[in-house]
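Taking my numbering, the leading residue of the sequence shown gets -15, the next gets one more, and so forth.
Virtual Cβ for every residue (Gly too), placed ideally from N, Cα, C.
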Amino acid sequence: MKSSKIKMNIDDLQAGFRKKQFTPLDIAKFALEKAKQHPEVFIQICETEALLQAQQSTQRWLDHAPISELDGIPFGVKDLFDIEGYITTRGSKLFTDPANSTAPQVSELLKFGAVLIGKTNLSEFAYSGLGLNPHFGTPTQKVDNRDYITGGSSCGSAAAVMKGIVSFALGTDTAGSIRIPSSYCGLVGFRASSSRYDNSNIAPLSPSLDTTGPICASLKDVCYIDNLLNQNTTSVPQNTQFKLVFDKKFCNQLAMDEATKNAFFTSIEALRKHGIKVENHRVNTLNQTLELVNRIGWLGSIEAYVTYEDLIKQSLSSIDPLVAQRLKNSNRIEAADVSRLYQQRETLKRQLAKELKGSTLLMPTTLTTAPLLSDITQSVESFNEHNLKALRLTMIGSYLDCPGIALPNGLNSNGLPTSLLLSQCSGNDTELLRHAMTIEPFITSLFNQARGNNNG
-15 MKSSKIKMNI DDLQAGFRKK QFTPLDIAKF ALEKAKQHPE VFIQICETEA
35 LLQAQQSTQR WLDHAPISEL DGIPFGVKDL FDIEGYITTR GSKLFTDPAN
85 STAPQVSELL KFGAVLIGKT NLSEFAYSGL GLNPHFGTPT QKVDNRDYIT
135 GGSSCGSAAA VMKGIVSFAL GTDTAGSIRI PSSYCGLVGF RASSSRYDNS
185 NIAPLSPSLD TTGPICASLK DVCYIDNLLN QNTTSVPQNT QFKLVFDKKF
235 CNQLAMDEAT KNAFFTSIEA LRKHGIKVEN HRVNTLNQTL ELVNRIGWLG
285 SIEAYVTYED LIKQSLSSID PLVAQRLKNS NRIEAADVSR LYQQRETLKR
335 QLAKELKGST LLMPTTLTTA PLLSDITQSV ESFNEHNLKA LRLTMIGSYL
385 DCPGIALPNG LNSNGLPTSL LLSQCSGNDT ELLRHAMTIE PFITSLFNQA
435 RGNNNG
């Protein structure tokens, strides 16, 4: 097996198993070896279990009896998901007790034959959109020998897929933690509505906003995983009779970098060229949500303080200072304002539904491409500024519980990815996936064209 030629997407691995070019055990050994080379990506490696799962999968493939599309496929999970016998670290050194059971989402994937390689790194407590971790290391992507961040908080999950260690990884998303690293790393990330999957046995940050989803190299792989976790079949529609919407005025007021802005509007023109209906009209909910958050504060921060209040009081010095200070400052919002955030959330969700009328919303996933690690670590002020910028757009969908899909749609002059965010109203995940599957070939074509130009 020539490891340098292995493509880790699900279809290619299935084809290799079927043609006996390699076995699930070969792939598991390959993934485990690569995982060990990247301790900043994997906090814990499940080697014994992975080898056993892969041996069992190998026998099923030899018997021509794989139990699902994921049989033998290696994956990782963010270290917020409980795995029986392993500590759920939450990206922190403060937790030491192993979990007594395994999160249902992980159990479901294992039941269908997927092979768990290990638990991936994250910002401590998942409380940052940048993916830095002083305890376990910070995953990065190298471009021209310079370290750029992967984004967070699901930094290890994105890095594990980007580096070809696993085919997919599960992440969590409270304010953008699946979509941001997917954007920065040129991957496809799906933030599901909070009710789509069983989210039990996953360490909380902000219970009202927390949700989960996969990070993959392709939208097709996202759909494989969603189909199994949701027992759903996401079929491609037979026509393009649906509508996409963007708010040009809103987008033009954003502090986007040039590459992100160009890629966004190029994507819209490409979709229209291929017969997709894309309309520009005001979506007032977007600005109103940002104005509310700017005026009162972020609901996720308020709930995060409640979640970790005891640790903040007892072990503040053991928490990443960049996380600790922000958590400590989250307890300054008046109770009446907190109530207003909950009330306005429901009002704005209803308003968005009226404005979109079933359409899928388009905007950039992040305002910029991935920043340099050195730029972020210059000062506390620099960290906070970059963190707010990273979360700026994704937090809108999180507050409104919008399912969202980040699709890579271009590169900047340094070869760093840009990303297009598709969002729907809460609960409309299947419609979102169907719309995304229809337009994905056109968006991927732009991304591949940019990669070709960059390599050329």
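Go to residue 139, then tell me how far its alpha helix (DSSP H) extends in each direction, as first and last residue. Counting along the chain, the alpha helix (DSSP H) containing residue 139 begins and ends at 139 to 146.
Where do the N-terminal and C-terminal ends of the beta strand (DSSP E) with residue 406 fall, by residue? From DSSP, the beta strand (DSSP E) with residue 406 extends over 401 to 407.
With distances taken Cα to Cα, identify the nearest neighbour of residue 334 among 273, 37, 353. Cα-wise, what sits closest to residue 334 is 273.
Per DSSP, what are the beta-bridge partners of residue 181 in this structure? In the DSSP output, where bridge partners are listed per residue, residue 181 has none listed.
Sequence-distant residues of the same chain with beta carbon closer than 8 Å to residue 223, five excluded per side: Only weak support exists for where residue 223 lies, its pLDDT of 47 falling under 50; the coordinates are left without a value.
Closest by C-alpha distance to residue 53, when choosing among 116, 213, 105, 119: For residue 53, the closest C-alpha among the options 116, 213, 105, 119 is that of 213.
In terms of residue numbering, what span does the beta strand (DSSP E) encompassing residue 262 cover? Where residue 262 is concerned, the enclosing beta strand (DSSP E) stretches over 261 to 264.
Report yes if the C-beta distance between residue 262 and residue 230 is below 8 Å; otherwise report no. Residue 262 places its beta carbon less than 8 Å from that of residue 230.
With contact counted as at least three CB pairs below 8 Å, one residue from each stretch, are the stretch 182 to 191 and the stretch 235 to 249 in contact? Too few Cβ pairs lie closer than 8 Å, so no.
If I measure Cβ to Cβ from residue 292 and keep anything under 7 Å in the same chain, skipping five residues before and after, which residues do I get? Result list for residue 292: 109, 311, in chain order.
From residue 64 to residue 340, what distance separates their C-alpha atoms? Rounded to whole angstroms, the separation of the alpha carbons of residue 340 and residue 64 is 33 Å.
Can you give me the Cβ contacts of residue 59 inside the same chain, cut-off strictly under 8 Å, excluding the 5 residues immediately before and after it? So the qualifying residues of the chain are 93, 98, 99, 100, 101, 150, 151, 152, 153, 154.
Which partner residues of residue 130 appear in the DSSP bridge assignment? Residue 130 pairs with 127.
Can you check whether the CB of residue 244 is closer than 8 Å to the CB of residue 351? Going by beta carbons, residue 351 and residue 244 fall inside the 8 Å limit.
Can you tell me whether residue -8 is helix, strand or coil according to DSSP? Residue -8 carries a coil assignment under DSSP once its states are collapsed to helix, strand and coil.
Can you tell me whether DSSP reads residue 24 as helix, strand or coil? Residue 24 falls in the coil class under three-state DSSP.
Would you give the residue range spanned by the beta strand (DSSP E) that residue 198 belongs to? 195 to 200 is the extent of the beta strand (DSSP E) around residue 198.
Near the ligand NAP: residue 181 beta-carbon under 7 Å from a heavy atom: With respect to small molecules bound, the structure shown includes none, and the ligand NAP cannot be examined in it.
What whole-angstrom Cβ distance do residue 410 and residue 283 have, given they're in contact under 8 Å? Not really, about 15 Å apart at Cβ, beyond 8 Å.
Using the three-state DSSP reduction, which class does residue 222 fall into: helix, strand or coil? Because residue 222 sits at a pLDDT of 44, beneath the cut-off of 50, its placement in the model cannot be relied upon, and the following sentence gives the value as read from the coordinates. Coil at residue 222, not helix or strand.
Taking just the CA atoms, how far does residue 114 sit from residue 156? Their Cα atoms are separated by approximately 14 Å.
Starting from the Cα of residue 131, find the closest Cα among 169, 159, -8, 435 and give me that residue. It is 169.
Buried/exposed call for residue 89, threshold 16 Cβ in 10 Å: Here residue 89 is buried. Its C-beta has 16 or more other C-beta atoms within 10 Å.
With DSSP as the reference, label residue 87 as helix, strand or coil. Coil at residue 87, not helix or strand.
Between the Cα of residue 198 and the Cα atoms of 269, 160, 255, which residue gives the shortest distance? Looking only at 269, 160, 255, the smallest Cα-Cα distance to residue 198 is reached by 160.
Measure the Cβ-Cβ separation of residue 106 and residue 137 and say whether it is below 8 Å. Yes. Within cutoff.
Alpha carbons only, please: which of 165, 289, 147, 416 is nearest the one belonging to residue 23? Ranking the options by Cα distance to residue 23, first place goes to 147.
Does the distance from the C-beta atom of residue 140 to that of residue 1 stay below 8 Å? The answer is no: Cβ separation not under 8 Å.
Would you mind stating whether residue 200 and residue 171 have Cβ atoms separated by less than 8 Å? Taking 8 Å as the Cβ cut-off, residue 200 and residue 171 qualify as a contacting pair.
Give the range of the alpha helix (DSSP H) segment to which residue 165 is assigned. Residue 165 -> alpha helix (DSSP H) spans 163 to 169.
If you scan the stretch 321 to 387 from start to end, which runs of the alpha helix (DSSP H) of 4 or more residues do you find wholly inside it? Contiguous alpha helix (DSSP H) elements confined to the stretch 321 to 387 occur at 357 to 360, 364 to 375, 378 to 383, taking only those with 4 or more residues.
Below-8 Å beta-carbon distance, residue 114 vs any chain D residue: Absent here is chain D; the protein component of the structure consists of one chain.
Grouping DSSP H, G and I as helix and E and B as strand, with all else coil, what is residue 210? For residue 210, the secondary structure class from DSSP, reduced to helix, strand or coil, is helix.
Name the DSSP bridge partner or partners of residue 174? According to DSSP, residue 174 bridges with 389.
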